[in-house]
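Chains as they are written, first to last, in my numbering: chain A, 48 to 511; chain B, 238 to 443.
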């Protein structure tokens, strides 16, 4: 996909903060609301016990992935679905192109799916001459704007009500001061025509139950139910890590995902899809294709530490609580998956060199691990990738030189204490202003005064 | 070697030497810290807090009376495939795309999530397209836990099951909640519950 550019993270986040101050306001407000709802919803249950259970189910599924993938494939085929395997985004898009050609598809509707963003499905469909419409309201907004999603659950949380008013006024002719209800109704009317006209419905998959061959989808608007029910063909893109052993395992996972994501007891609409319409049914798609996608997931699975990140259920709770994500929203991360979870799966899925500096986009405060419904040790994995980067020689020249200089200094006690004295006696507030970086920082701040004595000296004199 | 085989080879190579953990027990009983007195009560409380409406009647005759009265406000209706003749109001039956009211039968419901279980065999369009959706539910088919409901579904799965836990809604515009975005904006669960003594069927409509 063309938009993959984590390497520009630092410049992109600086640009967002400087040029688009509204983004921080919208993202901050939305993520605080999401998180407050999660806190309330976790308070209604024994969340510690549930998170242990969810971790164990997903860990079991991942450590037996081969077995469950075979079982799911067998069940889906028995249900009458078509099963495809995609090693890469190109493979997945080829499957889609075949379906489009075989069914002479002209228009498609799509339910919200991060995997289809990762694969670049929309761009590909447009190249094939298929008109594709995002039908989740948030996805629709950013499709009109030509932007990627900025959050796993709320793709348009970086946009304010006024942003949406301007956009809908331009595209749908609503009044410049229309209420959210009026705007939503206008979108409903426009998209209803797309639903009824579409030949193809596209979805992702939140879970895939191996024992029944069930693709489970969570949503609030009903657009996924419509996208997977009205068009004559349904294509579901499902990451291979989405597998769970048993249909009843969805009981805990559906509830925990909803509670972690939005604080609801369950998504307003859940679809359990087994296959195409049967003879007993009056409607539903005639063909269902399930595309099982690797695209870097087996690389992540092969990492003896970071594979645990594959437990992720994409609830967005780690984004909502992250003090770093809240400053910029997701676009700065330069990839489909942003925030703490993006920073730990990008190195495994894209390759570490390409994913840097995302593992550094964190203060390691650990808030994310406290909220994760499947207990992914996110800060540990961030450190793991930072260590890997050093081992693979992927650190920046400045960092390498700086650390070498520090090492040299630290190995010579006299030089070390002389350097310490120099730093203690430097008038930072005055001298700092003329230095790069520090100068900018000191424009609105005064530097703290260093202690007059070193720690070693204080220790020798006896600390009370 | 096919793409499928290469994926399996990579999965097996990644898992070689890694402990294959045990599958935990399927989660026993979901318990809210304050559990409901009965499954129907639990379903009603959560369905209503999600913006759905619940009307309880004591038998099918009561349900038919309620539907007949309620439907007078609507110009047209689409029926689910399994709606019995006795529950069908005297209203023009039209295609789901243009119907003002949808009337469906629930396969069951779940107390702990406040969800109606909608079976594809009853007709998906009738469940999704009309702005108002009335769903008839037998109180005996309300499961206490989602786990029990899923286990009950397992032996008889249609192409799709939908859990509907309230009206369609979205907060994607400026984080302000609006209803009726794509699916029905108004959902009423009409619960036939023999244990309920309801004489005035207008109750609960408000």
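Even for Gly, the Cβ is constructed at its ideal location relative to N, Cα and C.
Residues near residue i in its chain [Cβ-Cβ closer than 6 Å; skip 5 each side]
i: residue 200 (chain A); result: 308 and 363
i: residue 169 (chain A); result: 179
i: residue 409 (chain A); result: 371 and 429
i: residue 378 (chain B); result: 345
i: residue 499 (chain A); result: none
i: residue 419 (chain B); result: 405
Residues of its chain near residue i, where Cβ-Cβ distance is below 7 Å and the 5 sequence neighbours each way are ignored
i: residue 124 (chain A); result: 130
i: residue 108 (chain A); result: 115, 290, 291 and 292
i: residue 184 (chain A); result: 231, 234 and 268
Proximity test, Cβ basis, 8 Å: residue i and chain A
i: residue 302 (chain B); result: no
i: residue 281 (chain B); result: no
i: residue 419 (chain B); result: yes
i: residue 330 (chain B); result: no
i: residue 395 (chain B); result: yes
i: residue 274 (chain B); result: no
i: residue 277 (chain B); result: no
i: residue 335 (chain B); result: no
i: residue 357 (chain B); result: yes
i: residue 258 (chain B); result: yes
i: residue 180 (chain B); result: This structure does not reach residue 180 (chain B), given that chain B is present from 238 up to 443, and the question cannot be answered.
i: residue 401 (chain B); result: yes
i: residue 426 (chain B); result: no
i: residue 264 (chain B); result: yes
i: residue 315 (chain B); result: no
Identity of the residues DSSP links to residue i by a beta bridge
i: residue 157 (chain A); result: A:181 and A:249
i: residue 266 (chain A); result: A:316
i: residue 407 (chain B); result: B:415
i: residue 356 (chain B); result: B:398
i: residue 341 (chain B); result: B:372
Member of the options whose CA lies at the smallest distance from the CA of residue i
i: residue 290 (chain B); options: B:374, B:393 and B:427; result: B:427
i: residue 387 (chain B); options: B:283, B:263 and B:258; result: B:263
i: residue 397 (chain B); options: B:348, B:350, B:360 and B:278; result: B:360
i: residue 430 (chain A); options: A:352, A:317 and A:464; result: A:352
i: residue 88 (chain A); options: B:277, B:271, B:275 and B:300; result: B:271
i: residue 128 (chain A); options: A:397, A:280, A:233 and A:166; result: A:280
i: residue 70 (chain A); options: A:205, A:481 and A:480; result: A:205
i: residue 118 (chain A); options: A:385, A:414 and A:259; result: A:259
i: residue 154 (chain A); options: A:166, A:276, A:173 and A:165; result: A:173
i: residue 52 (chain A); options: A:385, A:421 and A:459; result: A:385
i: residue 497 (chain A); options: A:505, A:161, A:475 and A:414; result: A:475
i: residue 288 (chain A); options: A:437, A:510 and A:111; result: A:111
i: residue 160 (chain A); options: A:462, A:392, A:404 and A:252; result: A:252
i: residue 248 (chain B); options: A:341, A:335, A:331 and A:226; result: A:341
i: residue 152 (chain A); options: A:278, A:226 and A:113; result: A:278
i: residue 255 (chain A); options: A:79, A:396, A:171 and A:283; result: A:283
Short CB-CB distance (under 8 Å) between residue i and chain C
i: residue 381 (chain B); result: Of the chains in the structure shown, none is chain C; the protein chains are A and B.
Residue-chain proximity (residue i, chain B), Cβ-Cβ < 8 Å
i: residue 165 (chain A); result: no
i: residue 49 (chain A); result: At residue 49 (chain A), the pLDDT of 47 sits below 50, so the modelled position is not reliable; the number obtained from the coordinates is stated separately. So no, residue 49 (chain A) is outside the interface.
i: residue 315 (chain A); result: yes
i: residue 559 (chain A); result: Because chain A is modelled from 48 through 511, residue 559 (chain A) falls outside the range shown and cannot be assessed.
i: residue 227 (chain A); result: yes
i: residue 367 (chain A); result: no
i: residue 176 (chain A); result: no
i: residue 160 (chain A); result: no
i: residue 292 (chain A); result: yes
i: residue 385 (chain A); result: no
i: residue 103 (chain A); result: yes
Cβ neighbour criterion (16 or more within 10 Å) applied to residue i
i: residue 371 (chain B); result: buried
i: residue 314 (chain A); result: buried
i: residue 406 (chain A); result: buried
i: residue 392 (chain B); result: exposed
i: residue 140 (chain A); result: buried
i: residue 411 (chain A); result: exposed
i: residue 468 (chain A); result: exposed
i: residue 309 (chain B); result: exposed
i: residue 433 (chain A); result: buried
i: residue 208 (chain B); result: Missing from the structure shown is residue 208 (chain B); chain B here goes from 238 to 443 and no further.
i: residue 343 (chain B); result: buried
i: residue 357 (chain B); result: buried
i: residue 366 (chain B); result: buried
Close Cβ partners of residue i (< 8 Å) along its chain, the five nearest in sequence each way excluded
i: residue 466 (chain A); result: 456
i: residue 299 (chain A); result: 97, 100, 101 and 104
i: residue 313 (chain B); result: 328, 329, 330, 331, 335, 336, 337 and 338
Proximity test, residue i beta-carbon vs the ligand ZN heavy atom, cut-off 7 Å
i: residue 344 (chain B); result: The ligand ZN is absent from the structure shown, which contains no ligands of any kind.
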